[in-house]
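A.B. asks:
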Amino acid sequence: MTFTAIDFETAIGYHPCSVGIVTVENGIIVDEFVTLIKPPNNLYSPFTIQVHGIYPRDTVNAKSFAQVYPEIQKRLQNRVVVAHNESFDRNVLAKSMALYNLDYADLNIASRWECTVKIYKAKGLKPTKLSDCCREMNISLNHHEALSDARACAKLYLMK
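Numbering (my numbering), first residue to last: 437 to 596.
1. For residue 616, tell me which candidate among 593, 580, 577 has the shortest Cα-Cα distance.
2. Three-state secondary structure (DSSP) at residue 454?
3. Looking at residue 582 and residue 445, is the spacing between their C-beta atoms short of 7 Å?
4. Is there at least one Cβ from chain C nearer than 7 Å to residue 510's Cβ?
5. Where residue 544 and residue 515 are concerned, what is the direct C-alpha to C-alpha distance, given to the nearest angstrom?
6. Determine the DSSP secondary structure at residue 572, reduced to helix, strand or coil.
7. With a floor of 3 residues, list each beta strand (DSSP E) that falls wholly inside the segment 465–553, ordered by position along the chain.
8. Just how far apart, CA to CA, sit residue 573 and residue 480?
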């Protein structure tokens with residue numbers, strides 16, 4: 437099992453304020469990456485702040501998505517990508533790339549990623565929120581912290 441798990445936390449809309457990426461080679465986690473990202477104009481929704489606890493003050497000096505993108509690219513390019521509720525994270529990536537005129541096709545990844553929500557729903561698990569799946573599979577989780585979410589997603593995928 438060789439793949440990359442990713443999780444974005446967003447500030448407002450599809451604009452990320454944090455990304456966690458976990459690289460798995462032959463069933464073993466070999467790399468973890470996490471960083472804050474300064475969203476455009478450092479704007480946040482009060483709702484998202486309440487969800488993940490990241491504030492504008494935390495990202496005021498963080499790199500933009502375009503500045504962080506080389507790290508994302510080197511971890512995703514030519515890989516099987518996994519996310520919990522993949523359509524959300526895939527849209528964050530694709531829309532952020534488009535905002536900075538970066539070509540999604542250059543990543544050479546699937547147009548639809550592997551999705552642990554769909555996998556665990558198909559196994560009959562209900563509900564399938566990340567926290568519920570982790571509780572059921574006995575995986576530790578600091579929910580809505582990007583690296584913890586990505587690591588949990590990777591472990592769920594390994595246990596599928």
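Note that beta-carbon positions come from the ideal geometry of N, C-alpha and C, so glycine has one too.
All values reported here derive from a predicted model rather than from experimental measurement.
C.D. replies: In short, the structure shows the following:
1. The structure shown does not extend to residue 616, since the chain spans only 437 to 596, so no value can be given for it.
2. Counting from one through the sequence shown, the residue named residue 454 turns up at place 18. In the displayed model, residue 454 falls within a strand according to three-state DSSP.
3. In the sequence shown, the residue the question calls residue 445 occupies position 9. In the sequence shown, the residue the question calls residue 582 occupies position 146. It is a contact, given that the beta carbons lie within the stated cut-off.
4. Looking for chain C here will not work: only one protein chain is present.
5. Translated into positions along the sequence shown, residue 544 becomes position 108. Translated into positions along the sequence shown, residue 515 becomes position 79. Approximately 8 Å, taken between the alpha carbons.
6. The sequence position of residue 572 within the sequence shown is 136, counting from 1. Here residue 572 carries a helix assignment [DSSP, helix/strand/coil].
7. Entirely contained in the segment 465–553, the beta strand (DSSP E) runs reaching 3 residues are, in chain order, 517–519.
8. Numbered from 1 along the sequence shown, position 137 holds the residue referred to as residue 573. Numbered from 1 along the sequence shown, position 44 holds the residue referred to as residue 480. So the two alpha carbons sit approximately 33 Å from each other.
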